[in-house]
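Down below is the structure, laid out as structure tokens.
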Amino acid sequence: MSSLWNKVQRQQRLGLLHRMNPLVALGCRKGVSTFEEFALGSDALARLAVIVRGADTGQLELTPQSPGLLAASLGYSRMYRDDLAQLEAAMPLYDAFYRWCRDAVNETHA
Numbered sequence: 002m003s004s005l006w007n008k009v010q011r012q013q014r015l016g017l018l019h020r021m022n023p024l025v026a027l028g029c030r031k032g033v034s035t036f037e038e039f040a041l042g043s044d045a046l047a048r049l050a051v052i053v054r055g056a057d058t059g060q061l062e063l064t065p066q067s068p069g070l071l072a073a074s075l076g077y078s079r080m081y082r083d084d085l086a087q088l089e090a091a092m093p094l095y096d097a098f099y100r101w102c103r104d105a106v107n108e109t110h111a
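2 is the number of the first residue of the sequence shown in the working numbering; add one for each residue after it.
Written as structure tokens, this is what we have:
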């Protein structure tokens, strides 16, 4: 099981995340999502939260990664009718984004 998924499940148990789609913020206050506010104790998750907020809210200008996450998420939504099956299938994508946020934000292939 992915390290991101473990962190998400822990936050679900604590009631900090939406139970159907734990990567969606419960709400926003002053433009900061619940996901970002708690930051889940990690700079990488705080960075991921901004990417997710950009994709979820149509604020694609928030990060260069938000449009790609939106495109992939829409693709998954066409592949899976069941929300939980879609989320389970997409977790490797979110885990890859998490690992990029944690380990590779400064890496280039130039």
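We put the beta carbon where it would ideally sit given N, CA and C, even for glycine. Since the structure is predicted, the reported quantities are computational estimates derived from the model, not experimental observations.
Could you say which of Asp84, Val51 and Met80 lies nearest to Pro68 if we only look at CA atoms? Val51
Would you kindly work out how many angstroms separate the C-alpha atoms of Leu49 and Cys102, rounded to a whole number? 6 Å
Check Thr109 in the structure and name its three-state DSSP category. coil
Close-in-space but distant-in-sequence residues of the same chain around Ser78 (CB under 8 Å, 5 per side omitted): Gln87
Give the C-beta separation of Leu46 and Ala56 to the nearest angstrom, bearing in mind that I take them to be a contact with Cβ-Cβ under 8 Å. Not a contact, Cβ separation roughly 15 Å.
Proximity of Phe98 and Gln66 at Cβ, strictly below 8 Å: yes
DSSP state of Leu61 mapped onto helix, strand, coil: coil
So Tyr81 packs on Ala90, CB below 8 Å; how close in whole Å? 6 Å
Taking the alpha-carbon positions, what's the Asn107 to Leu85 distance? 33 Å
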